[in-house]
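Under this note's numbering, the residues of the sequence shown are numbered 23 to 170, in order.
Every residue, glycine too, gets a C-beta built ideally from N, C-alpha and C.
Step one of this worksheet: look at the structure below.
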Amino acid sequence: MSLSSPAAMSQTLEQAVARSLESHPQIREAFARYKAREQSIDQAKAGYYPTLDATAGVGQEWTDSPGTRRDTSTDDEVDLTRRELGLSLRQMLFDGFRTQHEVARTQNEATAEQWGLIATAEDKALEVSRIYLDVLVAEEIVILAEKT
């Protein structure tokens, strides 16, 4: 087979494969899934870090106790505005290896997605190679048919 035809000379097999791998939607989708799984590893590792929680509340409270009455001679309820603010800092000491196993699980899922990405890329590269070679064969057939 000669590679002297204009279509074959315009793009090499390597260039055709590289271009298809850069732009194929299935490969982009597989890459996005892999990157999402990589991010989930960081989310799983967050179980090791301390957490800081803030709480706040405000609301009406009605009370009927002698300590809150303005006038101790009456038994009327007193309206109070309740305000509260809280801050808590927590650090995980031991959670039954839950966080450790969650990190390992997400790392394995990311590895599986990476292998899926590689498999998808190889399948598409093989498909492009087959099509490229089919075009070269068809061009050679046309050249041979024109000579006869």
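At a cut of 8 Å, does the stretch 104 to 124 reach the stretch 70 to 79 through at least three beta carbon pairs? yes
Can we say the stretch 74 to 87 touches the stretch 141 to 154, given the rule of at least three CB pairs closer than 8 Å? no
Residues in its own chain within less than 7 Å of residue 67 by CB, not counting five upstream and five downstream? Residue 67 sits at position 45 when you count from the first residue of the sequence shown. The residues are 125.
Specify the secondary structure class of residue 118 as computed by DSSP and reduced to three states. By 1-based counting over the sequence shown, the position of residue 118 is 96. It is coil, neither helix nor strand.
How do the stretch 127 to 146 and the stretch 38 to 48 stand: do at least 3 beta-carbon pairs fall below 8 Å, yes or no? Because the criterion of three Cβ pairs below 8 Å is met, the stretch 127 to 146 and the stretch 38 to 48 touch.
Over the uninterrupted beta strand (DSSP E) stretch that includes residue 82, give me the two end residues. On the sequence shown, position 60 is the one that residue 82 refers to. Element bounds for residue 82: 73 to 85.
To the nearest angstrom, how far is it from the Cα of residue 160 to the Cα of residue 166? Walking along the sequence shown from the start, residue 160 turns up at place 138. Walking along the sequence shown from the start, residue 166 turns up at place 144. Taking the straight line from one Cα to the other gives about 10 Å.
In whole angstroms, give me the CA-to-CA distance for residue 157 and residue 51. Here residue 157 corresponds to residue number 135 of the sequence shown, with the count starting at 1. Here residue 51 corresponds to residue number 29 of the sequence shown, with the count starting at 1. Distance between the alpha carbons of residue 157 and residue 51 is about 28 Å.
One or two residues paired with residue 101 in a DSSP bridge: Within the sequence shown, residue 101 is the residue found at index 79, counting from 1. Answer is 84.
Measuring straight from C-alpha to C-alpha, what distance separates residue 162 and residue 32? Reading the sequence shown from its first residue, position 140 is the one you call residue 162. Reading the sequence shown from its first residue, position 10 is the one you call residue 32. Rounded to the nearest angstrom, the two C-alpha atoms are 16 Å apart.
So the candidates are 47, 56, 85 and 84; which of them puts its Cα closest to the Cα of residue 132? Start at 1 with the first residue of the sequence shown, and residue 132 comes out as number 110. Looking at the Cα atoms, 56 is the closest of the given residues.
Residue 170 burial status per 10 Å Cβ neighbour count (16 or more: buried): Here residue 170 refers to the residue found at position 148 when the sequence shown is read from its first residue. The residue in question, residue 170, is exposed, as its Cβ has fewer than 16 Cβ neighbours within 10 Å.
For residue 82 versus residue 102, is the C-beta distance shorter than 9 Å? On the sequence shown, position 60 is the one that residue 82 refers to. On the sequence shown, position 80 is the one that residue 102 refers to. Their beta carbons are under 9 Å apart, which means residue 82 touches residue 102 by this criterion.
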